[in-house]
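Single-structure report; data block below.
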Amino acid sequence: MFDLFKKAQEFKMSRRSFIGWSSAIAATAAIPVSRGLVAKAEANIGMEDSGGEGVWKTAACWHNCGSRCLNKVLVKDGVVIRQKTDDTHPDSPDFPQQRGCLRGRSQRKQVFNADRLKYPMKRKNWEPGGGKKELRGKDQWVRISWDEALDHIVSETNRIKKKYGNESIYVSGGADIGKVFKTQGGCTESTGTISWGAWLYTYEMLGVGEGLYVNGINDRLDLRNSQLIVLWGANPAWSTMGSPTYNYLQAKKAGARFITIDPLYTDSASVFDADWVPIRPGTDDALALGMMYTLLDEDDPATNPLVKWDFLNKYTIGFDKDHMPEGADPKDNFKDYLLGTYDGQPKTPEWAAEICGVEPSRIRSLAREIGGTERVALLTGWAPARINNGEGWVQTFSTLGMMTGHMGSSGNMTGVSCWEYAGNNGPMLLKGGGAGLPSIDNPVDNLMNENEIWDAVLNGEFLQKGEGKRKVDIQFIYHNYNAHLQTRSSIGRGIEAHRKVEFVVTNAYALTTNAKYSDIVLPVATQWETEGAVKGGNREILINWSKIIDPLYESKTDIEIAKELLKKFGTNPDEVYPISEKQMYFNQLAGSEVVKENGVDYEPLCTITAQDIKEWGVEGTPQQGRIPLKEFVDTGIYQIPRKPGDNYGFIAYKDFIDNPEENPVSSESGKFEIYCRALNEASKTAFTEIPPIPKYMAKAEGYESTFENWETKKKGKYPYQVFNPHYLRRSHSTFDNVPQLREAWPNPVYISAQDAKKLGIKEGETVLMSNEHGKTIRPAKIVETLMPGTIALPHGAWVDIDEETGVDRGGADNMLVGFVPTGLGTSGYNTARCNLEKWDGEQLEDDAKWAQRIIKFD
Ligand SMILES: Nc1nc2c(c(=O)[nH]1)N[C@H]1C(S)=C(S)[C@@H](COP(=O)(O)OP(=O)(O)OC[C@H]3O[C@@H](n4cnc5c(=O)[nH]c(N)nc54)[C@H](O)[C@@H]3O)O[C@H]1N2
Ligand SMILES: Nc1nc2c(c(=O)[nH]1)N[C@H]1C(S)=C(S)[C@@H](COP(=O)(O)OP(=O)(O)OC[C@H]3O[C@@H](n4cnc5c(=O)[nH]c(N)nc54)[C@H](O)[C@@H]3O)O[C@H]1N2
Ligand code: SF4
Ligand SMILES: [Mo]
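According to UniProt numbering, the stretch in the sequence shown is residues 1 to 858, in order.
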């Protein structure tokens with residue numbers, strides 16, 4: 001997953017001051033964990049808490065934040081008194097420290113938050129069969145014992161299974177609870193394209209993406225060889241904390257120029273002093289087509305070589321009628337589509353401008369810059385693909401890289417730069433070991449697409465991939481280790497679905513949205529309260545965190561809960577967990593590997609002695625590795641120092657480019673497919689048809705749908721486009737309940753100064769965003785740095801619905817995102833539209849001042 005950022009251009013914000021600012025937020029008083037709230041702190045193996053100075057231990061920062069950093073806590077007398085980040089070695093561009101962000105440094109505020117759930121509880125008006133189901137989300141809570149809670153879960157499971165079958169149990173988030181239900185006859189599960197948007201289901205067929213996780217770009221040191229870096233819908237300064245922003249700055253220092261193509265002038269654009277090309281969400285394919293038309297139009301191999309014909313001819317199929325796959329209609333080639341030979345519409349910059357909002361002259365100059373520069377990094381985040389009908393974006397973006405030949409050589413790359421791989425791709429140089437648990441099959445094969453889950457619950461059918469519609473009658477929802485009601489489309493439909501079924505259970509450590517709408521809630525321990533684990537991040541690091549404290553209050557770890565449930569079901573927990581949690585942790589350490597200096601082979605990371613095994617009290621075999629086990633556990637990180645010219649560099653697609661016959665890509669033809677038969681074919685049994693070549697398509701609930709009449713440009717009921725940048729105060733919904741983070745990063749909705757003026761909205765005034773899916777309010781942050789006509793509603797705020805009006809005051813993005821399954825089933829989070837107006841009710845105060853969700857029992 002990731003790393004960090006630094007240094008500004010315009011603001012002259014230095015790395016130190018930026019980090020210093022975020023750490024200032026976290027640097028508050030020690031958390032009182034006495035009063036019986038916290039049991040004793042566990043010493044690291046071999047590191048005793050002397051009770052004197054205390055001991056620094058590596059604490060988990062385990063969230064899906066797109067990064068992974070080193071976070072340390074000072075434990076003294078069983079109390080966590082301070083946090084710090086990576087100071088294990090001096091910081092340098094080649095060997096950067098893995099520094100934590102404001103969220104990681106506030107981790108103890110989350111672990112010891114006053115809103116931690118203390119006991120198992122049930123909804124007051126719940127009874128077997130559901131009781132007053134309509135009260136879900138607004139009922140009172142009653143404290144119950146673990147025994148009672150588990151008995152209810154087991155008896156309801158058995159009742160529901162008997163009446164409706166195992167298919168009627170939907171376990172969201174899988175993990176340990178999924179395993180339990182798989183041993184009890186199975187359960188329905190779900191799947192989706194969530195993070196990746198349209199990349200997930202398409203990359204293999206198109207032959208791009210280098211196995212997706214490697215996403216088709218080069219490693220960070222090679223980035224320094226790019227002359228031009230285009231960040232196309234990517235904002236590492238917000239969505240990949242850790243080192244990526246710092247790494248990009250090294251490329252800048254080496255001479256690279258930056259362009260960002262984004263509805264928002266981002267902090268990344270500011271830090272990199274980028275030229276900003278504002279664009280409407282979900283219209284990037286139109287821009288790319290307008291650019292490709294320009295390339296074709298202006299290309300002259302002798303005087304102005306903009307199109308890399310050799311590249312197209314050797315490595316791709318489908319560009320023109322002479323390079324079509326067998327069986328395809330030659331008229332279906334991409335070049336003739338661009339020129340409008342058969343459809344009568346050349347995809348000129350003027351045509352594109354009307355859709356994407358970028359001036360035709362800028363479209364032309366962008367094409368010339370990208371086509372006319374020798375070494376270019378075309379980098380996109382996943383956001384522009386997290387749209388309805390998103391497949392066309394993957395096709396157009398990739399084709400632009402092929403046409404300009406910016407693939408497969410030093411300084412040239414076209415692919416996804418995002419999450420833990422932002423600006424730094426290539427095989428992992430370190431690999432964590434497995435826990436050593438058996439895998440458990442699910443006897444039920446229902447897999448609901450997450451772009452229709454709540455509709456499936458309400459309507460009783462879903463599309464089983466590759467097969468067709470299937471009936472389903474979900475009567476039990478068990479949420480574990482996810483925030484589905486919050487993070488999947490259509491919270492409104494989700495709440496309806498939760499109030500329809502007979503039983504809802506959630507494991508949670510605070511009253512999250514999932515938990516709030518449940519019948520029974522089980523308090524789960526955080527990762528600070530588990531044995532420890534090894535976790536990868538960017539390709540150069542492996543992190544190893546230890547147990548900090550025993551589970552708080554009556555909470556139990558995920559595995560303990562699963563084992564207790566198995567016992568109650570009459571299944572021997574050893575079938576699923578034949579080894580202890582400590583053994584699982586040890587296995588991860590013992591199985592961890594590090595690349596050898598040749599950059600190809602791997603060796604064990606840890607040297608383990610018979611004495612180590614005895615001290616740990618586990619089963620194992622002594623082994624020779626790179627560093628002593630104790631050193632890895634005490635340091636908490638192993639990081640490979642890099643230097644230019646080392647053996648760890650990576651150039652995406654290089655093998656294919658060097659020898660395409662020997663090293664074909666993953667597509668049917670073995671070449672990059674501009675014409676992709678397989679994609680078109682797969683879409684015929686999915687939601688909507690996808691053309692085999694990149695073609696512009698108006699997106700469901702996209703820009704065109706903001707008009708009542710496209711010809712006359714009369715706006716419709718929902719004239720504003722709304723999209724969801726991933727936001728620094730939280731990792732999705734996680735951390736949103738931490739008051740200190742709320743204070744540091746208020747959660748406004750960003751609207752453009754032009755729209756604010758038109759609507760008479762003033763800074764800080766509460767505004768209402770509404771559409772047929774829901775309504776939500778937020779204070780307005782008026783900025784000059786946003787594409788007019790668009791609204792940036794930060795992703796992941798905890799929904800907080802007024803039951804009278806149905807209006808959410810939390811600013812939850814998925815109040816406005818509906819279920820519009822398109823293409824192969826991509827979640828279309830960034831294609832939504834709504835009305836925007838002044839809110840005539842009470843003005844919102846800062847949510848940092850809101851009461852926390854602290855449960856009081858009668
Ligand atoms: N509108 C809109 N929606 C989006 C997106 C968007 O951009 N716009 N982005 C999408 C993306 S990219 C993603 S990845 C998804 C993320 O979707 P989710 O994975 O559902 O989101 P999180 O908030 O990370 O949920 C993690 C949950 O697990 C809980 N948890 C944490 N640790 C533990 C533990 O040890 N045990 C248990 N049992 N629970 C734990 C946390 O409290 C939290 O409730 O959201 C997607 N949703
Ligand atoms: N702070 C924070 N960081 C995170 C996360 C988080 O919740 N919080 N989540 C992590 C996860 S799981 C993931 S998957 C990644 C996601 O990483 P990304 O998908 O890269 O992140 P986003 O913030 O959604 O979008 C990146 C940029 O794209 C822009 N954008 C949005 N829609 C469009 C569009 O249609 N066209 C163009 N050109 N630009 C667009 C946004 O304004 C934003 O500046 O982030 C990770 N990082
Ligand atoms: S939340 Fe993510 S980016 Fe922040 S410190 Fe933790 S691992 Fe690093
Ligand atoms: Mo994600």
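For glycine and all other residues, C-beta sits at the position ideal for the given N, C-alpha and C.
Segments of 4+ residues assigned as alpha helix (DSSP H) that fall wholly inside the stretch 67-155: 107-111
If you draw a straight line from the alpha carbon of H89 to that of K695, how long is it in whole angstroms? If you number the sequence shown from 1, residue 89 lands on position 89. If you number the sequence shown from 1, residue 695 lands on position 695. Whole-angstrom Cα-Cα distance: 50 Å.
With a cut-off of 6 Å, give the chain-ordered residues whose Cβ is closer than this to any heavy atom of ligand 3. Those residues are C61, H63, C65, S67, R68, C69, N71, G100, C101, R103, G104, M241, G242 and S731, given in chain order.
Segment contact, 8 Å Cβ cut-off, at least three pairs: the stretch 814-825 with the stretch 488-496: yes
Ignoring anything shorter than 3 residues or poking outside the stretch 589-665, list the beta strand (DSSP E) runs there in chain order. 593-595, 602-604 and 637-639
Here's the rule I'm using: 16 or more other beta-carbon atoms within 10 Å means buried, otherwise exposed. How should V444 be labelled? For this step, residue 444 is matched to residue 444 along the sequence shown. V444 comes out buried.
For the candidate residues Y293, P120, Q611 and V214, whose alpha-carbon lies nearest to that of F857? Translated into positions along the sequence shown, residue 857 becomes position 857. Of Y293, P120, Q611 and V214, the residue nearest in Cα terms is P120.
With 16 as the cutoff for other CB atoms within 10 Å, does G327 come out buried or exposed? Stepping through the sequence shown from its first residue, residue 327 is reached at position 327. It is exposed - the Cβ of G327 has fewer than 16 other Cβ atoms within 10 Å.
Measuring alpha carbon to alpha carbon, tell me which residue in D297, M787, I657 and P692 is nearest Q721. Working through the sequence shown from its first residue, we reach residue 721 at position 721. Among D297, M787, I657 and P692, the Cα nearest to that of Q721 belongs to M787.
Mapping the DSSP letters down to three states, classify F258 as helix, strand or coil. The residue labelled residue 258 in the question sits at position 258 within the sequence shown. It is a strand residue.
Residue environment, Y342, which counts as buried when at least 16 other CB atoms sit within 10 Å: Stepping through the sequence shown from its first residue, residue 342 is reached at position 342. Exposed: under 16 other Cβ atoms inside 10 Å.
Going by DSSP in three states, M403 sits in which element: helix, strand or coil? If you number the sequence shown from 1, residue 403 lands on position 403. Looking at M403 - three-state DSSP - the assignment turns out to be helix.
In angstroms with no decimal places, state the Cα-to-Cα distance between R626 and G620. Translated into the one-based positions of the sequence shown, residue 626 becomes position 626. Translated into the one-based positions of the sequence shown, residue 620 becomes position 620. So the alpha carbons of these two residues sit roughly 18 Å apart.
So, are the CB atoms of G192 and N166 less than 8 Å apart? Reading the sequence shown from its first residue, position 192 is the one you call residue 192. Reading the sequence shown from its first residue, position 166 is the one you call residue 166. In this structure, N166 does not lie closer than 8 Å to G192 by Cβ.
Which runs of the beta strand (DSSP E), 3 residues or longer, sit entirely within the stretch 540-596? 541-546 and 593-595
Relative to the alpha-carbon of Y229, which residue among G255, Q464 and M205 has its alpha-carbon at the smallest distance? Counting from one through the sequence shown, the residue named residue 229 turns up at place 229. Tyr is not the amino acid found at residue 229; the sequence shown has Ile there. Nearest C-alpha to I229: G255.
Can you check which of these residues, Q107, V271 and Q184, is closest to K253 by C-alpha distance? Along the sequence shown, one-based indexing puts residue 253 at 253. The option with the nearest alpha carbon to K253 is V271.
For ligand 2, any of its heavy atoms closer than 7 Å to the Cβ of N538? Walking along the sequence shown from the start, residue 538 turns up at place 538. Checking the Cβ of N538 against ligand 2 gives no.
Using a threshold of 8 Å, state whether the C-beta atoms of Q624 and T607 are closer than that. For the purposes of this step, residue 624 is identified with residue 624 of the sequence shown, where counting begins at 1. For the purposes of this step, residue 607 is identified with residue 607 of the sequence shown, where counting begins at 1. Result yes, Cβ atoms of Q624 and T607 sit closer than 8 Å.
Any 3 or more C-beta pairs closer than 8 Å across the stretch 827-839 and the stretch 753-763: yes
Return the chain-ordered ranges of every alpha helix (DSSP H) run that is complete within the stretch 455-523 and spans a minimum of 4 residues. 484-487, 491-500 and 513-516
Can you name, in chain order, every residue of its own chain whose Cβ lies under 6 Å from the Cβ of D86, other than the five neighbours on each side? For this step, residue 86 is matched to residue 86 along the sequence shown. Counting only Cβ-Cβ distances below 6 Å, and skipping sequence neighbours, we find L70, Q97, Q98 and R99.
Can you say whether N709 is buried or exposed, counting buried as having 16 or more other CB atoms within 10 angstroms of its CB? Numbered from its first residue, the sequence shown carries residue 709 at position 709. Counting Cβ neighbours within 10 Å, N709 comes out exposed, since fewer than 16 surround it.
Run the CB neighbour count on Q250, radius 10 Å, all protein chains shown included, and call it buried at 16 or more, exposed below. By one-based count along the sequence shown, residue 250 stands at place 250. The residue in question, Q250, is buried, as its Cβ has 16 or more Cβ neighbours within 10 Å.
Thinking L741 and R103 are a contact (beta carbons under 8 Å), I'd like their distance in whole angstroms, please. Taking the sequence shown and counting its residues from 1, one reaches residue 741 at position 741. Taking the sequence shown and counting its residues from 1, one reaches residue 103 at position 103. Cβ atoms of L741 and R103 come within 8 Å of each other, at about 7 Å.
Give the straight-line distance between the Cα atoms of P644 and L221, rounded to the nearest whole angstrom. As a first step, residue 644 must be located in the sequence shown, where it is residue number 644. As a first step, residue 221 must be located in the sequence shown, where it is residue number 221. Each residue's alpha carbon lies about 6 Å from the other.
My output table needs one value for Y720: the three-state DSSP class, helix, strand or coil. Here residue 720 is taken as the residue at index 720 of the sequence shown, counted from 1. In the structure shown, Y720 sits in a strand (DSSP, three-state: E or B).
Quick check: G381 and S592, are their CB atoms within less than 8 Å of each other? Numbered from its first residue, the sequence shown carries residue 381 at position 381. Numbered from its first residue, the sequence shown carries residue 592 at position 592. No, they are not a contact pair.
Just verifying my parser: in three-state terms, what is the DSSP assignment at S669? Start at 1 with the first residue of the sequence shown, and residue 669 comes out as number 669. Coil, per DSSP.
Fully enclosed by the stretch 303-374, which alpha helix (DSSP H) runs are 4 residues long or longer? Inside the stretch 303-374, DSSP marks whole alpha helix (DSSP H) runs of 4 or more residues at positions 309-315, 334-339, 349-356 and 360-372, from first to last along the chain.
What residues in its chain sit with their C-beta under 7 Å from that of N247, if we drop five residues either side in the sequence? Looking up residue 247 in the sequence shown gives position 247. Counting only Cβ-Cβ distances below 7 Å, and skipping sequence neighbours, we find R220, L223, G423 and N424.
Residue of V142, L212, Y265 and Y164 minimising C-alpha distance to S752: Residue numbering aside, residue 752 sits at position 752 when the sequence shown is read from its first letter. Here the closest residue by C-alpha is Y265.
Take the Cβ of D94 as the centre, count every other Cβ of all protein chains shown within 10 Å, and call the residue buried at 16 or more, exposed below. For the purposes of this step, residue 94 is taken as the residue at position 94 of the sequence shown. Classification for D94: exposed.
Under the DSSP definition of a beta bridge, which residues are partnered with R386? Residue mapping note: residue 386 aligns to position 386 of the sequence shown, counting from 1. Answer is none; R386 lacks a bridge partner.
From I387 to H726, what does the alpha carbon distance come to, in whole angstroms? Within the sequence shown, residue 387 is the residue found at index 387, counting from 1. Within the sequence shown, residue 726 is the residue found at index 726, counting from 1. About 15 Å.
Assuming T316 and I674 form a contact by the criterion Cβ under 8 Å, report the distance between their Cβ atoms to the nearest whole angstrom. For this step, residue 316 is matched to residue 316 along the sequence shown. For this step, residue 674 is matched to residue 674 along the sequence shown. Right, the Cβ-Cβ distance comes to about 5 Å (below 8 Å), so this counts as a contact.
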